[in-house]
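Colleague: Structure below; questions to follow.
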Amino acid sequence: MTAPSSHAGRAHSFNAAAAQYAANRPSYPPALLDAVEELSGRPLAGARVVDIGAGTGIATALLRDRGADVVAVEPGAGMAAELRRAHPGIPLVRGDGNALPLADASADLITCAQAWHWTDPARALPEALRVLRPGGALALWWNMYALDIPWIAAQAERIQHCFGLEPDKEKSGTSSRVADPEGRVDFTRRLVRWSRSIPVDTHLANLGSHSVFLVHADRASAFLTEERARLLHTFPDGIVEETYDVDLLVATRP
């Protein structure tokens, strides 16, 4: 077992693999956005939304398609370029959650999909509260592999053994203490289960777009080759059923 690479180095690793990320990462189910509306207490249609750590725009585009007036905030050059290519109509500003380049009280909703664990919550939470209007909400979410599915649990164990880190484990906002160590807001949590059926090579490319794979390219190549054989034994038709629990945290600005 090896120690993971630096947090900062892994955070920047996505920029060189932005196209792979965009093509293979999972999206989010409509039920997630329904839950965001329910827990934030307002519809997305017409809401002024800031999507922090927007990446290639997977969540950003869904918010726009629900009628939100959305602005993407993304620090990485590669990810930002992919977002601009795929979604040229979505306004994009370069920046991160620790220092939002936005005016006070200018957003009804701030979202952060798959990215809050790359921020410093001690800085990012006050920034979110600064930018939110009174009564506005902060919504954080992560696609997490459903570890009660036997083949997914077995794969997670193999990843942990090979890399010393299970890709989903550090992301989880399963406790408000992780998302907000100083207890500034009261988060409500909701889990939304969903699944997708994809070719085995898409599943492997999805795995390979995680930072722990990107920063250990040689080891990752050998692992993914072996994993392909294992998956084809489990899914002889070559179609993998990925099951996720979207871990959602929503808090309203006091």
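The opening residue of the sequence shown carries number 205 in the working numbering; numbering runs sequentially from there. Every residue gets a Cβ at the ideal spot worked out from N, C-alpha and C, and that includes glycine.
Between Val-450, Cys-316, Pro-338, Leu-435, which has its C-alpha nearest Ile-356's C-alpha?
Modeller: Walking along the sequence shown from the start, residue 356 turns up at place 152. Ranking the options by Cα distance to Ile-356, first place goes to Leu-435.
Colleague: Cβ of Leu-248 within 7 Å of Cβ of Arg-270?
Modeller: On the sequence shown, position 44 is the one that residue 248 refers to. On the sequence shown, position 66 is the one that residue 270 refers to. Their beta carbons are under 7 Å apart, which means Leu-248 touches Arg-270 by this criterion.
Colleague: Among Arg-337, Glu-241, Ala-319, whose alpha-carbon lies nearest the alpha-carbon of Glu-278?
Modeller: Translated into positions along the sequence shown, residue 278 becomes position 74. Closest by alpha carbon: Ala-319.
Colleague: State the start and end residues of the unbroken alpha helix (DSSP H) segment that holds Asp-449.
Modeller: Sequence index remark: in the sequence shown, residue 449 carries index 245 (1-based). Careful: Asp-449 lies outside any alpha helix (DSSP H), inside the beta strand (DSSP E) at 443–456.
Colleague: Our contact map puts Glu-448 next to Asn-347 with C-beta atoms below 8 Å; I'd like the distance itself, whole angstroms only.
Modeller: Translated into positions along the sequence shown, residue 448 becomes position 244. Translated into positions along the sequence shown, residue 347 becomes position 143. Looking at the sequence itself, residue 448 is Tyr, so the reference to Glu does not match. So it is a contact: roughly 5 Å between Cβ atoms.
Colleague: Pull up the CB-CB distance for Asp-243 and Val-253, whole angstroms please, since I reckon it's below 8 Å.
Modeller: Sequence index remark: in the sequence shown, residue 243 carries index 39 (1-based). Sequence index remark: in the sequence shown, residue 253 carries index 49 (1-based). The sequence shown places Leu at residue 243, not Asp. Not quite, the Cβ-Cβ distance comes to about 14 Å (not below 8 Å), so this is no contact.
Colleague: Count the other CB atoms within 10 Å of the CB of Pro-338; is the residue buried (16 or more) or exposed (fewer)?
Modeller: Mapped onto the sequence shown, residue 338 falls at position 134. It counts as exposed.
Colleague: Counting beta carbon pairs with one atom in the region 319–335 and one in the region 289–303, are three or more of them shorter than 8 Å?
Modeller: Touching, yes.
Colleague: Can you list the alpha helix (DSSP H) stretches of 4 or more residues lying completely in the region 218–249, in chain order?
Modeller: Complete alpha helix (DSSP H) runs here, min 4: 222–228, 234–244.
Colleague: Along the beta strand (DSSP E) that carries Trp-346, what are the first and last residues, could you check?
Modeller: To locate residue 346, count along the sequence shown from 1; it is residue 142. Trp-346 -> beta strand (DSSP E) spans 336–349.
Colleague: Reducing DSSP to helix, strand and coil, say where Ser-415 ends up.
Modeller: Start at 1 with the first residue of the sequence shown, and residue 415 comes out as number 211. Ser-415 falls in the helix class under three-state DSSP.
Colleague: When you compare only the Cα positions, how much space is there between Gly-377 and Leu-306?
Modeller: In the sequence shown, counting from the first residue as 1, residue 377 sits at position 173. In the sequence shown, counting from the first residue as 1, residue 306 sits at position 102. The predicted position of Gly-377 is uncertain, since its pLDDT is 48 and thus under 50; a value taken from the coordinates is nonetheless stated next. Taking the straight line from one Cα to the other gives about 25 Å.
Colleague: Do Met-283 and Thr-260 have their CB atoms nearer than 7 Å?
Modeller: Locating residue 283 in the sequence shown gives position 79, where the first residue counts as 1. Locating residue 260 in the sequence shown gives position 56, where the first residue counts as 1. Yes, they are a contact pair.
Colleague: What does DSSP give as the partner residues of Ile-356 in its beta bridges?
Modeller: Translated into positions along the sequence shown, residue 356 becomes position 152. Answer is none; Ile-356 lacks a bridge partner.
Colleague: In the DSSP output, which residue or residues are listed as bridge partners for Ser-425?
Modeller: Within the sequence shown, the letter at position 221 stands for residue 425. Beta-bridge pairing links Ser-425 to no other residue.
Colleague: Looking at Ser-413: is its Cβ nearer than 7 Å to the Cβ of Asn-228?
Modeller: Locating residue 413 in the sequence shown gives position 209, counting from the first residue. Locating residue 228 in the sequence shown gives position 24, counting from the first residue. Closer than 7 Å, so yes.
Colleague: Just to confirm the assignment: which complete alpha helix (DSSP H) runs, minimum length 4, are found wholly within the region 300–324?
Modeller: none
Colleague: For the candidate residues Phe-439, Val-419, Pro-354, Arg-397, whose alpha-carbon lies nearest to that of Asp-405?
Modeller: Translated into the one-based positions of the sequence shown, residue 405 becomes position 201. Nearest C-alpha to Asp-405: Phe-439.
Colleague: Check the C-beta distance from Ala-343 over to Val-454 and give it rounded, since I have them as a contact under 8 Å.
Modeller: If you number the sequence shown from 1, residue 343 lands on position 139. If you number the sequence shown from 1, residue 454 lands on position 250. Between Val-454 and Ala-343 the Cβ distance is about 5 Å, and since that is below 8 Å, they are a contact.
Colleague: State the start and end residues of the unbroken beta strand (DSSP E) segment that holds Ile-256.
Modeller: As a working mapping, residue 256 is identified with position 52 in the sequence shown. Looking at the DSSP string, the run of the beta strand (DSSP E) that includes Ile-256 is 252–256.
Colleague: When we look at the beta-carbon of Leu-452 and count the other beta-carbons within 10 Å, is it buried (16 or more) or exposed?
Modeller: Here residue 452 is taken as the residue at index 248 of the sequence shown, counted from 1. With 16 or more Cβ atoms within 10 Å of its Cβ, Leu-452 is classed as buried.
Colleague: How big is the Cα-Cα spacing for His-321 and Gly-245?
Modeller: What you label residue 321 is simply residue 117 of the sequence shown in a count that begins at 1. What you label residue 245 is simply residue 41 of the sequence shown in a count that begins at 1. C-alpha separation (whole angstroms): 25 Å.
Colleague: If you run the structure through DSSP and keep just helix, strand and coil, what is Arg-432?
Modeller: Translated into the one-based positions of the sequence shown, residue 432 becomes position 228. It is helical.
Colleague: Going by DSSP, which residues form a beta bridge with Thr-260?
Modeller: By 1-based counting over the sequence shown, the position of residue 260 is 56. According to DSSP, Thr-260 bridges with nothing at all.
Colleague: Helix, strand or coil for Ile-402? Go by DSSP, reduced to three states.
Modeller: For the purposes of this step, residue 402 is identified with residue 198 of the sequence shown, where counting begins at 1. Of the three classes helix, strand and coil, the one that applies to Ile-402 here is strand, per DSSP.
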